[in-house]
Amino acid sequence: MRRFVDVPLPGGATPPVPQGAAAEQMPLPADRQEQEPPPRSPQPSRYKGDLPFEARMRMTSLVIMKRRTTDPVYNADHRTFMDDARIAVSIAKGVPFDDIDPSDGTDLRHHVYLANRESWREHVEGHGWSEHYDRPAYEEAFAYWAARRPQFTEGDNWVADLIPTHTRTERQAP
C-alpha cells in the first residue's frame, strides 16, 4: 500500500497533503507490489567451523567497510581492526605466536618471506623494472623484512639479477 510522507522541500516548505479521494491509499500495480523474499535454505554453511576461512571472511568484511576518511579517530580504529583481524587469521592458521608481528599481525615465517621475495621477482620479470615506481615500494618491502627478520635478508637482493644493467645503481639493496 502506498503511504503519503511529508518530505521537506528546499527552503523548509512541505508539500501539500492530498485531501479527499486523492488522500486514500491506493494499491500498487501487481508488478510493483512488494514480493516476499524466498525462504532461506535450511542447509548450514559448508564453511562452518573452518576458523581460517571465517577469519579471512571477517578481515574481508573489514576491508570492504567504509574507506579512509578525514576523521583520524576512525582511521586509527579501522587500522587497529585490520591489524587485529590479521592476527586472528594468523592464529587461526596455526602460526606460532613468535612468528606473528604484534604491531600488524603479519606472518613472519621463512616461507612467507620467500613467497614475498618470489612475488617481487615475478613482478619484475612480468612488468619490467621502473626506478620511479618500483624502487620505493621494493625498498619499503625489503626494509620491512630487514627490520623484522634480518637473518633472512642478510646478503640477499631480491631482484638484482633481473634489473637491466643500464638502470642499476651503485646501491642495489636497501
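At position 16 of the sequence shown the residue is numbered 60 (the working numbering), and the sequence of numbers has no breaks. Built from N, CA and C at the ideal position, the CB exists for glycine as well. Computed from a prediction, not measured in an experiment: that's the story for all the values here.
Item checked: F186, buried or exposed, once every other Cβ within 10 Å from all chains shown has been counted against 16 -> buried
Next item on the list: Report buried or exposed for S134, applying the criterion of at least 16 other Cβ atoms within 10 angstroms of its Cβ.
Entry: Classification of S134: buried, given that the 10 Å Cβ count is 16 or more.
Next item on the list: Name the two residues that bound the continuous alpha helix (DSSP H) containing L158.
Entry: H154 to H171
Margin query: Restricting to runs no shorter than 4 residues, where is the alpha helix (DSSP H) found entirely within the stretch 103-143?
Written below: 116-136
Item checked: Between the CA atoms of N119 and A129 - distance to the nearest angstrom -> 15 Å
Next item on the list: Check whether the Cβ atoms of V203 and Y182 lie closer than 9 Å to each other.
Entry: Inclusion of V203 and Y182 in the CB contact set at 9 Å is warranted, their separation being smaller than that value.
Next item on the list: Assign D178 to one of three DSSP states: helix, strand, or coil.
Entry: helix
Notebook entry, point to check: Apart from the five residues just before and just after F48, which ones in its own chain have a Cβ nearer than 6 Å to its Cβ?
Noted result: Here the model assigns F48 a pLDDT of 47, short of 50, so the residue's position is not dependable, and the following value carries that caveat. Within its own chain, no residue has a Cβ closer than 6 Å to the Cβ of F48 once the five positions on either side in sequence are excluded.
Check: Where do the ends of the alpha helix (DSSP H) carrying T197 lie?
Finding: P194 to T197
Checklist line | Through-space distance from I207 to T213, alpha-carbon basis | finding: Confidence is the limiting factor: at T213 the pLDDT is only 47, short of 50, which leaves the residue's position unreliable, though a coordinate-based value still follows. Whole-angstrom Cα-Cα distance: 10 Å.
Notebook entry, point to check: Quick check: the stretch 141-159 against the stretch 174-181, are there 3 or more CB pairs under 8 Å?
Noted result: no
Notebook entry, point to check: Between H154 and R192, is the Cβ-Cβ spacing less than 9 Å?
Noted result: no
Item checked: Spatial distance of G199 from S163 (CA atoms) -> 19 Å
Checklist line | CA-to-CA distance, N201 to M103, given in whole angstroms | finding: Using only the alpha carbons, I get a separation of about 32 Å.
Check: Going by beta carbon distance, what residues of the same chain come within less than 6 Å of A136, once the five residues before and after it are set aside?
Finding: L95, P96 and A99
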